[in-house]
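Read through the structure below, which is laid out as structure tokens, and then see the notes.
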Amino acid sequence: MTEHQTIIVETSGRVGIITLNRPKALNALNTELMNEVVGAVREFDVDQGIGAIVITGSEKAFAAGADIKEMSSKSYADVVNEQFFGAWDELSRARTPIIAAVTGYALGGGCELAMLCDTIIAGDNAVFGQPEINLGVIPGIGGSQRLTRAVGKAKAMDMVLTGRQMKVDEAERLGLVSRVVPKEDCRAAAIEVAEVIASKSLIASAAAKDAVNRAFESSLVEGVRAERALFYSTFATDDQTEGMAAFVEKRDPNFTHR
Ligand code: CAA
9 MTEHQTIIVE TSGRVGIITL NRPKALNALN TELMNEVVGA VREFDVDQGI
59 GAIVITGSEK AFAAGADIKE MSSKSYADVV NEQFFGAWDE LSRARTPIIA
109 AVTGYALGGG CELAMLCDTI IAGDNAVFGQ PEINLGVIPG IGGSQRLTRA
159 VGKAKAMDMV LTGRQMKVDE AERLGLVSRV VPKEDCRAAA IEVAEVIASK
209 SLIASAAAKD AVNRAFESSL VEGVRAERAL FYSTFATDDQ TEGMAAFVEK
259 RDPNFTHR
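Residue numbers (our numbering): 9 to 266.
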């Protein structure tokens, strides 16, 4: 397996687990960490033994944002020429469902990384925010777009323009997070949900994820059309035959991901 400096990569059954591991910097997302996370997701994504991925941090911080110390000396030419943050976009193209297990701070790029995942399970100490405005910049890993789609314009403007932190009860009320659990149970809860997802047909879960994401990326008409085509495509799989046969025969399905 690939060596990592800033993350810990593990598997538990069919679940891939990526733990951000720069505790002294509250898991600030520097370029090395970005490349390691993206590389680990890429490896899991082509592994048919993996049916879901969990990305998590520490109890104090999921991630406190992009690494301000790394960024502070960069010029306009630097960020343009490096396509700074560009590698993060690859996460949104993963076919494997990704769950963010968020405890503590999810600020700036940390909030954006959580929103790049397919769903967020939060500990009761989770705090979300886009404080880039306090640094004289704006969100740069999709925060202005994904937060607005998740919580609506008024709340997103409030967060992005003031830089205020949002506690987890408000985040749950707005639909930014799917479940809230005691902070010490967050990692286990996310793995449990990931195990449920990973027990399904991988082809069907990838299609389901693709279909839901179309709701964010296209009009209703285009989204419904895409969903119908994806639905039809599942009838080309062994897993559709097996899943429906298992129901009729009153037994558990044995999906082969084919
Ligand atoms: N980048 C680099 N280092 C960071 C960091 C970051 N985003 N966040 C925290 N750290 C470092 C601190 O510098 C500190 O290091 P030293 O011990 O070497 O000084 C260490 O982590 C611990 O941090 P604090 O002492 O500040 O911890 P705290 O408990 O007092 O405060 C906090 C916690 C409120 C999260 C505070 O650290 C903070 O405000 N961090 C910055 C949050 C932020 O602005 N994030 C947005 C970054 S910009 C961005 O993400 C752009 C984008 O769109 C992608």
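Don't be surprised by glycine CBs; every beta carbon is placed ideally from N, CA and C.
C-alpha distance - residue i paired with residue j, whole-angstrom precision
i: D166; j: N142; result: 13 Å
i: S213; j: I205; result: 7 Å
i: T19; j: N262; result: 21 Å
i: D86; j: S80; result: 11 Å
i: F239; j: D247; result: 13 Å
i: E230; j: V220; result: 12 Å
i: A69; j: A223; result: 30 Å
i: E51; j: T104; result: 11 Å
i: R259; j: G47; result: 38 Å
i: R236; j: Q13; result: 43 Å
i: A198; j: A244; result: 31 Å
i: G151; j: E257; result: 47 Å
i: L228; j: K77; result: 42 Å
i: A202; j: I58; result: 10 Å
i: E200; j: F255; result: 23 Å
Cβ-based burial, residue i [other Cβ within 10 Å; buried from 16]
i: I15; result: buried
i: L169; result: exposed
i: L121; result: buried
i: S209; result: buried
i: M252; result: exposed
i: N89; result: exposed
i: A196; result: exposed
i: N38; result: buried
i: A272; result: Any answer about residue 272 is impossible in this case: the structure gives the chain only from 9 up to 266.
i: R266; result: exposed
i: R30; result: buried
i: E11; result: exposed
i: L41; result: buried
i: A164; result: buried
i: D126; result: buried
Rounded distance between the beta-carbons of residue j and residue i, thought under 8 Å
i: I129; j: I107; result: 6 Å
i: N35; j: S83; result: No, N35 and S83 are not in contact; Cβ-Cβ is about 26 Å, not under 8 Å.
i: G118; j: N133; result: So it is not a contact: roughly 14 Å between Cβ atoms.
i: G131; j: V189; result: 6 Å
i: A114; j: F93; result: With 8 Å as the limit, A114 and F93 do not qualify as a contact, their Cβ atoms being about 16 Å apart.
i: C194; j: A72; result: At roughly 17 Å, the Cβ-Cβ gap does not stay under 8 Å, so C194 and A72 are not in contact.
i: L155; j: Q138; result: 6 Å
i: L184; j: A158; result: 5 Å
Which listed residue (the options) has its alpha carbon closest to that of residue i
i: A216; options: A234, N262 and V54; result: A234
i: G24; options: V49, A254 and K258; result: V49
i: I211; options: S241, A196 and R222; result: S241
i: A33; options: G59, D75 and T249; result: D75
i: G21; options: D126, D55, S100 and V185; result: D55
i: K191; options: T64, S227, G57 and Q13; result: T64
i: G144; options: V201, G116 and Q153; result: G116
i: G171; options: E140, A162, S186 and L182; result: E140
i: A279; options: I61, G148, A60 and D126; result: The chain is shown from 9 up to 266; residue 279 falls before or after that span and cannot be answered.
CB contact below 8 Å: residue i versus chain D
i: E230; result: In the displayed structure, chain D is absent; only one protein chain is listed.
Ranges of the beta strand (DSSP E) found wholly within the stretch 166-208, counting only runs of at least 3: Considered as a whole, the stretch 166-208 harbours 173-175 and 187-189 as its complete beta strand (DSSP E) runs of no fewer than 3 residues, in chain order.
Length at least 4, wholly inside the stretch 91-116: the alpha helix (DSSP H) runs in chain order: Those alpha helix (DSSP H) runs which fall completely within the stretch 91-116 and span 4+ residues do not exist here.
Every unbroken alpha helix (DSSP H) inside the stretch 12-91 [4 residues or more]: Entirely contained in the stretch 12-91, the alpha helix (DSSP H) runs reaching 4 residues are, in chain order, 39-53, 76-79 and 84-90.
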